[in-house]
Amino acid sequence: MAWNRLQRAALSEAKNDDLTHLQAAASNGHLEVVQVLIGQGADLNKAGDDGRTPLHAASSNGHLDVVQFLIGQKADLNRAGNDGGTPLQAASLKGHLDVVQFLTSQKFLIGQGAALNRTGNGGSTPLHAASFSGQVEVVQFLIGQGADLSRAGNDGRTPLQAASSNGYLNVVEFLTDQEADLNRAGFDGRTPLHSQLIDKVLKSRFEAIDCGTLHNIA
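If you want it as structure tokens, here you go:
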């Protein structure tokens, strides 16, 4: 029977003692198994040893259908793991734009106002996470939704510094276009202007301006 196969699959989902059956199914994108387990009374907000819930797992791995189902079942959108990270931060770090868009579309997430700028234990926001990992489309979307461009983490670094330190030119260019503060120093005293990558971006901008000026004069 198909139902029995789903039940057996549900029981085989867990990989180790730190992962519940539901978390494993959500992590692997097995929607039918998730539905069976919740139908049998599984706690959709139960966290593993790392404090992450099934919604964290589905968000981190980009399984939009599972994310949508879990939220429809009233999964906690703002539940933080042991690292302070929310499902939105998990999706932002991995660049799952569709999941990020869906999570931020939920009125009870946006209504709190702080969710877009909620920080993990390191003081990083979803925008920090996306910038750090070079997810330019997510960066663009989050800023369009009102994410704080100048929020610094516990190390004093902004999203611009996070992107520049990892060499993500497209993110640096976008954040610079958004007038990110180039003079904001981290706790090590270094500003974005100390970055060779940002120096390269600024030089190319100045060269473009100079070329345009010369063209207009001619």
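Going by my numbering, the first residue of the sequence shown is number -7, and it counts up by one from there.
Where a beta carbon is used, it is the ideal one built from N, C-alpha and C, also for glycine.
Taking all protein chains shown into account, decide if residue i is buried (16 or more other Cβ within 10 angstroms of its Cβ) or exposed.
i: K66; result: exposed
i: K38; result: exposed
i: G145; result: buried
i: G73; result: buried
i: Q32; result: exposed
i: Q127; result: buried
i: Q98; result: exposed
i: G64; result: exposed
Let me check understanding here. Comparing Cα to Cα, which of the options lies closest to residue i?
i: D248; options: G159, G114 and S142; result: Beyond the ends of the chain as shown, which are -7 and 210, falls residue 248; an answer cannot be given.
i: A137; options: E24, D68 and T96; result: Before going on, a small fix: residue 137 reads as Gln here, not Ala. The candidate whose alpha carbon is nearest that of Q137 is T96.
i: G112; options: L85, V92 and Q127; result: L85
i: L134; options: L29, T117 and R149; result: T117
i: L36; options: V58, N53 and S52; result: V58
Quick check on residue i: does DSSP put it in helix, strand or coil?
i: N53; result: coil
i: H88; result: coil
i: L174; result: coil
i: S123; result: helix
i: T117; result: coil
i: A16; result: helix
i: G64; result: helix
i: L141; result: coil
i: N109; result: helix
i: A83; result: helix
Just reading off the alpha helix (DSSP H) that residue i is part of, what are its end residues?
i: F162; result: According to the sequence as given, residue 162 is Asn; it is not Phe. Residues L161 to D169.
i: A155; result: P151 to S157
i: L69; result: Looking at the DSSP string, L69 is not in any alpha helix (DSSP H), and its letter there is neither H nor E.
Below 7 Å, is the gap between the Cβ of residue i and the nearest heavy atom of the ligand GTP?
i: T45; result: As for the ligand GTP, it is missing from this structure, which has no ligand bound.
Assuming the contact rule is C-beta atoms closer than 8 Å, residue i and residue j should be a hit. Round their C-beta distance to whole Å, please.
i: G87; j: S125; result: 7 Å
i: S123; j: P151; result: 4 Å
i: A18; j: V26; result: 6 Å
i: A82; j: H48; result: 5 Å
i: H55; j: G21; result: 4 Å
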